[in-house]
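**Q** So the sequence shown is numbered by my numbering: it starts at 28 and just counts up by one. We treat Cβ as the ideally placed atom computed from N, Cα and C, and that holds for glycine. Keep in mind that this is a model prediction, so the values were computed, not measured. Here's a structure for you.
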Amino acid sequence: LGLALYTGSLCMVSSATFLYHDYCIIGAGPSGLQAAYFLQRAGRDYVVFERSHAPGSFFALYPRHRKLISINKRYTGKSNSEFNLRHDWNSLLSHDHQLLFRRYSRDFFPDADAMVRYLEDFASLLKLRIQYNTAIVHVTLERDGQAWNGHYFLLIDQDRQNYKCSSLLVATGTWVPNVVNFPGSEYVEGYETVSINPEDFAGQTVLILGRGNSAFETAENILGVTNFIHMVSRSRVRLSWATHYVGDLRAINNGLLDTYQLKSLDGLLEGDLEDLAIIKDRKGKLHITLRFYLENRNTSAGIDSITLPQDELDNFATRAPYDRVIRCLGWKFDFSIYNRSLRMMPGKGNKKYPQIKPSYESRGTRGLFVLGTASHSVDFRKSAGGFIHGFRYTTRAVHRLLENRHHGVPWPSTVYPITQLTNSIIKRVNEASGLYQMFSVLADIILLRENATAFEYLEEYPVGVLAELEMQTGRKAPNGLFVVIMEYGRNFSGADKDVFYYNRAVGEAQHAWQSNFLHPVIYYYKHLPTESEMRLRPPDWPLPRPDAVHHIVEDFLTDWTAPNAHILPLRRFLENCLSTDLRNFFAESCFLFTFTRQKLPPFCQQGYVRMQGLVGSEGLRRHAVEAGLLEDYALTDFLGDRPPDSREGSQDQLLRDHAIPVRPLQHLVNAKDE
Numbered sequence: 028l029g030l031a032l033y034t035g036s037l038c039m040v041s042s043a044t045f046l047y048h049d050y051c052i053i054g055a056g057p058s059g060l061q062a063a064y065f066l067q068r069a070g071r072d073y074v075v076f077e078r079s080h081a082p083g084s085f086f087a088l089y090p091r092h093r094k095l096i097s098i099n100k101r102y103t104g105k106s107n108s109e110f111n112l113r114h115d116w117n118s119l120l121s122h123d124h125q126l127l128f129r130r131y132s133r134d135f136f137p138d139a140d141a142m143v144r145y146l147e148d149f150a151s152l153l154k155l156r157i158q159y160n161t162a163i164v165h166v167t168l169e170r171d172g173q174a175w176n177g178h179y180f181l182l183i184d185q186d187r188q189n190y191k192c193s194s195l196l197v198a199t200g201t202w203v204p205n206v207v208n209f210p211g212s213e214y215v216e217g218y219e220t221v222s223i224n225p226e227d228f229a230g231q232t233v234l235i236l237g238r239g240n241s242a243f244e245t246a247e248n249i250l251g252v253t254n255f256i257h258m259v260s261r262s263r264v265r266l267s268w269a270t271h272y273v274g275d276l277r278a279i280n281n282g283l284l285d286t287y288q289l290k291s292l293d294g295l296l297e298g299d300l301e302d303l304a305i306i307k308d309r310k311g312k313l314h315i316t317l318r319f320y321l322e323n324r325n326t327s328a329g330i331d332s333i334t335l336p337q338d339e340l341d342n343f344a345t346r347a348p349y350d351r352v353i354r355c356l357g358w359k360f361d362f363s364i365y366n367r368s369l370r371m372m373p374g375k376g377n378k379k380y381p382q383i384k385p386s387y388e389s390r391g392t393r394g395l396f397v398l399g400t401a402s403h404s405v406d407f408r409k410s411a412g413g414f415i416h417g418f419r420y421t422t423r424a425v426h427r428l429l430e431n432r433h434h435g436v437p438w439p440s441t442v443y444p445i446t447q448l449t450n451s452i453i454k455r456v457n458e459a460s461g462l463y464q465m466f467s468v469l470a471d472i473i474l475l476r477e478n479a480t481a482f483e484y485l486e487e488y489p490v491g492v493l494a495e496l497e498m499q500t501g502r503k504a505p506n507g508l509f510v511v512i513m514e515y516g517r518n519f520s521g522a523d524k525d526v527f528y529y530n531r532a533v534g535e536a537q538h539a540w541q542s543n544f545l546h547p548v549i550y551y552y553k554h555l556p557t558e559s560e561m562r563l564r565p566p567d568w569p570l571p572r573p574d575a576v577h578h579i580v581e582d583f584l585t586d587w588t589a590p591n592a593h594i595l596p597l598r599r600f601l602e603n604c605l606s607t608d609l610r611n612f613f614a615e616s617c618f619l620f621t622f623t624r625q626k627l628p629p630f631c632q633q634g635y636v637r638m639q640g641l642v643g644s645e646g647l648r649r650h651a652v653e654a655g656l657l658e659d660y661a662l663t664d665f666l667g668d669r670p671p672d673s674r675e676g677s678q679d680q681l682l683r684d685h686a687i688p689v690r691p692l693q694h695l696v697n698a699k700d701e
């Protein structure tokens, strides 16, 4: 029967008329809208399919108790929009500054209805091409050598309308509830349908299955009206401030931890849910037992004939009966609509996400990319890729990869003289939101030009595909590169870690490698790492072992602009890697170097020798002398016994004097080099 149905569907597909688009996006949630925005700005042919009548339908129902746990920090003390996105976890990326989430809510933890309004405005004001009330029910492949990826994606909606696409972007999120089946699981209420009115739980005893934010959110809502709440899960509670993973339990929902540890009846238990069983007695009470007690038993014979754990262990933890059992186990990806030809497989470690590469492309099918929450397998429990403030940047990265692959548009980059290397890094680590939110996953890449006279700066590239950089970006890296990334300390994060211990922070530059909090790390490679080196990198390292590495010491204010603690050690590291001098000099120093050195520093080569630079004055020179930056000999021999008020004019005359031409000096330097 299955073979007949499959064959029938193929026959129907082969005889249908298809509506074609270069790009098809399934889902008009945040990641789908973000992808549509970038495609529209690039002028590409795309369509978004949304099964509901409006974008962001997930947020119309979830979270059930309507309070988001993504922060909406409206004030940072700074006006830099890129920096402010570090603390805005809800806004999508766009050119329209009116489409910032802080204009939709004043709450630090906003109401979910504000997110629904925001996504509706984002879609309508930017005129994104979304086809609502269209549920894609089947996706398959059609082999074609002329297609971009060697095949087309064929989509069928609920009305049997057919679509054909060259690239498929899956942005459906994870919306199928996780359900554990065990004897008596029919008595369990799901998070998606349970009442959110606290009065419905007044005087009741409740067991919650799960230990994530949805479980604690549900407990928080009824904490003040229940007799007591027990919570059971196979793993111990993970606190986000200890793991530094925003998907773990957040402080806004952890009231049950107080009532548990402060002896107020509520409690947490660990156990495998598949080993449980629930028995309902004549009064409607729910009793917890273990599955093996029910083996070879007739459960319909009544509770009196069934052995309960308390019959053998009279202090069994869950011996008290419950009025309600609520399942809060999160969600998983919907694999049901994808034909086997697409080879969309659950992940090996975490089966709720599909298997994808670090480039967010499916491991089974070229041209199929997974965006948003469903792409979280790349950085699960490591970074923020499963949340808006993370996947808005990974979605942009996927768009840039597609632009290079299909349209010959290289990854955006900027070329600077080597003298701007230190400044460029300092600027990015102090402002960039993508590096900050997607720490250990996205990195800035600095490609060195020949003889290290200039560099090319690429922003927010996925480090998991660093070995493929030249192919994925259209940029060349023959002369070495720096990788700028943000990291936490190696042994600082974990469910069992005490992150508040005394002397937890490092303050001195010489101990920067021991920094615990999020801080910039710069890797230097003489050659682009290979695929083999990426596979064999040390455990928990985002990158292979480099030729040199530098940690910028952590900073309490996350402000890495201190001249001695941050900038000077970084500049010396870069100088050691490049065997050059990256300091800036006054014109007098460059003038002196032309006569005393065989090779001028890059700043003098690219500035003074080319008749560029800052025009000096007596006040500026005197300030440099007093600061110890310049020796006080520049004008002494020239001025002799002239009165003080004539010295400035003499200096200006000297600077304008063409008797010391620039071109012969350049010839002199070249002669010395030779």
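When burial is assigned at 16 or more other CB atoms within 10 Å of the CB, is K100 buried or exposed?
**A** Numbered from its first residue, the sequence shown carries residue 100 at position 73. Exposed.
**Q** Which value, in whole angstroms, describes the spacing of the CA atoms of L185 and L126?
**A** What you label residue 185 is simply residue 158 of the sequence shown in a count that begins at 1. What you label residue 126 is simply residue 99 of the sequence shown in a count that begins at 1. Reading off the sequence shown, one finds Gln at residue 185, where the question assumed Leu. Roughly 33 Å separates the two Cα atoms.
**Q** List the endpoints of the continuous beta strand (DSSP E) containing G715.
**A** The structure shown does not extend to residue 715, since the chain is modelled only from 28 through 701, so no value can be given for it.
**Q** Identify whether S212 lies in helix, strand or coil by the three-state DSSP scheme.
**A** For this step, residue 212 is matched to residue 185 along the sequence shown. S212: helix per DSSP, three-state reduction.
**Q** Using DSSP's beta-bridge definition, name the partner residues of S260.
**A** Residue 260 sits at position 233 when you count from the first residue of the sequence shown. BP columns for S260 point to E297.
**Q** How do the segment 237 to 248 and the segment 266 to 283 stand: do at least 3 beta-carbon pairs fall below 8 Å, yes or no?
**A** yes
**Q** In the DSSP assignment, find the unbroken beta strand (DSSP E) run with Y420 in it and report its ends.
**A** The residue given as residue 420 occupies position 393 in the sequence shown. Here Y420 belongs to no beta strand (DSSP E); instead the alpha helix (DSSP H) covers I415 to H434.
**Q** Please report the distance separating the alpha-carbon of F612 from that of F630.
**A** What you label residue 612 is simply residue 585 of the sequence shown in a count that begins at 1. What you label residue 630 is simply residue 603 of the sequence shown in a count that begins at 1. Between F612 and F630, the C-alpha separation is close to 7 Å.
**Q** So for T270, helix, strand or coil by DSSP?
**A** Looking up residue 270 in the sequence shown gives position 243. T270: helix per DSSP, three-state reduction.
**Q** According to DSSP, is Y528 part of a helix, a strand, or is it coil?
**A** As a position in the sequence shown, residue 528 is number 501, starting the count at 1. In the structure shown, Y528 sits in coil (DSSP, three-state: anything other than H, G, I, E or B).
**Q** My understanding is that A192 touches F180, with C-beta atoms under 8 Å, so please give their C-beta distance in whole angstroms.
**A** By 1-based counting over the sequence shown, the position of residue 192 is 165. By 1-based counting over the sequence shown, the position of residue 180 is 153. The sequence shown places Cys at residue 192, not Ala. The Cβ separation is near 5 Å, so the contact holds.
**Q** Report buried or exposed for S363, applying the criterion of at least 16 other Cβ atoms within 10 angstroms of its Cβ.
**A** The count along the sequence shown starts at 1 and reaches residue 363 at position 336. Under this definition S363 is an exposed residue.
**Q** Are at least three pairs of beta-carbons, each pair with one atom in the segment 544 to 564 and one in the segment 512 to 522, less than 8 Å apart?
**A** yes
**Q** For L46, count neighbouring Cβ atoms within 10 angstroms of its own Cβ and tell me buried if that reaches 16, exposed if not.
**A** Here residue 46 refers to the residue found at position 19 of the sequence shown. Exposed is the call here.
**Q** From G311 to E388, what does the alpha carbon distance come to, in whole angstroms?
**A** The count along the sequence shown starts at 1 and reaches residue 311 at position 284. The count along the sequence shown starts at 1 and reaches residue 388 at position 361. Those two C-alpha atoms are separated by around 50 Å.
**Q** If we require 4 or more residues per run, which alpha helix (DSSP H) segments fall completely within the segment 118 to 191?
**A** 139 to 152
**Q** With DSSP as the reference, label M513 as helix, strand or coil.
**A** Counted from its first residue, the sequence shown places residue 513 at position 486. Here M513 sits in strand by DSSP.
**Q** For the segment 530 to 596, which segments carrying the beta strand (DSSP E) assignment without a break, of at least 3 residues, lie completely within its bounds, in sequence order?
**A** 546 to 552 and 575 to 578
**Q** Any idea which residues DSSP pairs F392 with across the strands?
**A** Along the sequence shown, one-based indexing puts residue 392 at 365. It is Thr, not Phe, that sits at residue 392 in the sequence shown. Answer is none; T392 lacks a bridge partner.
**Q** For the alpha helix (DSSP H) that contains A246, what are its first and last residues?
**A** Along the sequence shown, read from residue 1 onward, the residue named residue 246 stands at position 219. From DSSP, the alpha helix (DSSP H) with A246 extends over N240 to I249.
**Q** Any idea which residues DSSP pairs T316 with across the strands?
**A** For the purposes of this step, residue 316 is taken as the residue at position 289 of the sequence shown. Note: T316 sits in a beta bridge opposite A304.
**Q** Could you say which of P137, R390 and T446 lies nearest to I98 if we only look at CA atoms?
**A** What you label residue 98 is simply residue 71 of the sequence shown in a count that begins at 1. When only C-alpha atoms are compared, the closest one is P137.
**Q** Given a cut-off of 8 Å on the beta-carbon distance, is the pair L369 and G391 in contact?
**A** One-based indexing of the sequence shown puts residue 369 at position 342. One-based indexing of the sequence shown puts residue 391 at position 364. In contact: L369 and G391 (Cβ atoms closer than 8 Å).
**Q** Per DSSP, which residues does G217 bridge with? Please list them.
**A** Against the sequence shown, residue 217 aligns to sequence position 190. BP columns for G217 point to R354.
**Q** According to DSSP, is V492 part of a helix, a strand, or is it coil?
**A** On the sequence shown, position 465 is the one that residue 492 refers to. Helix at V492.
**Q** Do you know how far the Cα of R648 is from the Cα of E675?
**A** Within the sequence shown, residue 675 is the residue found at index 648, counting from 1. Within the sequence shown, residue 648 is the residue found at index 621, counting from 1. Caution applies to E675, whose pLDDT of 47 falls short of 50 and renders its modelled position unreliable; the model cannot decide the point.
**Q** Output the distance between the C-alpha atoms of T557 and L276, rounded to the nearest integer angstrom.
**A** To locate residue 557, count along the sequence shown from 1; it is residue 530. To locate residue 276, count along the sequence shown from 1; it is residue 249. Going from the Cα of T557 to the Cα of L276 covers about 38 Å.
**Q** When you compare the CB positions of K359 and N205, do they come within less than 8 Å of one another, or not?
**A** Looking up residue 359 in the sequence shown gives position 332. Looking up residue 205 in the sequence shown gives position 178. The answer is yes: Cβ separation under 8 Å.
**Q** Report the residue from F396, H593, W175 and S58 whose alpha carbon sits nearest the alpha carbon of G534.
**A** Here residue 534 refers to the residue found at position 507 when the sequence shown is read from its first residue. Nearest option by C-alpha distance: H593.
**Q** If we count Cβ pairs, one from each stretch, closer than 8 Å, do we get three or more for the segment 152 to 171 versus the segment 332 to 341?
**A** As far as the Cβ criterion goes, the segment 152 to 171 does not touch the segment 332 to 341, which means the pair count is below three.
**Q** Y488: which of S440, N377 and I183 sits nearest, CA to CA?
**A** Position 461 of the sequence shown, counted from the first residue, corresponds to residue 488. Y488 has its Cα closest to that of S440, out of S440, N377 and I183.
**Q** Please say whether R351 and V252 have beta carbons closer to each other than 8 Å?
**A** By 1-based counting over the sequence shown, the position of residue 252 is 225. By 1-based counting over the sequence shown, the position of residue 351 is 324. Their beta carbons are not under 8 Å apart, which means V252 does not touch R351 by this criterion.
**Q** For I315, count the other beta carbons within 10 Å of its own beta carbon; 16 or more makes it buried, fewer makes it exposed. Which is it?
**A** As a position in the sequence shown, residue 315 is number 288, starting the count at 1. Per the 10 Å Cβ criterion, buried.
**Q** Between the segment 489 to 498 and the segment 558 to 573, do at least 3 Cβ pairs fall closer than 8 Å?
**A** yes
**Q** Express the C-alpha separation of V74 and E109 in angstroms, rounding to a whole number.
**A** Here residue 109 refers to the residue found at position 82 of the sequence shown. Here residue 74 refers to the residue found at position 47 of the sequence shown. Computed Cα separation, rounded: 29 Å.
**Q** Which residue marks the beginning of the beta strand (DSSP E) containing F76, and which one marks its end?
**A** Locating residue 76 in the sequence shown gives position 49, counting from the first residue. Here the beta strand (DSSP E) through F76 covers Y73 to F76.
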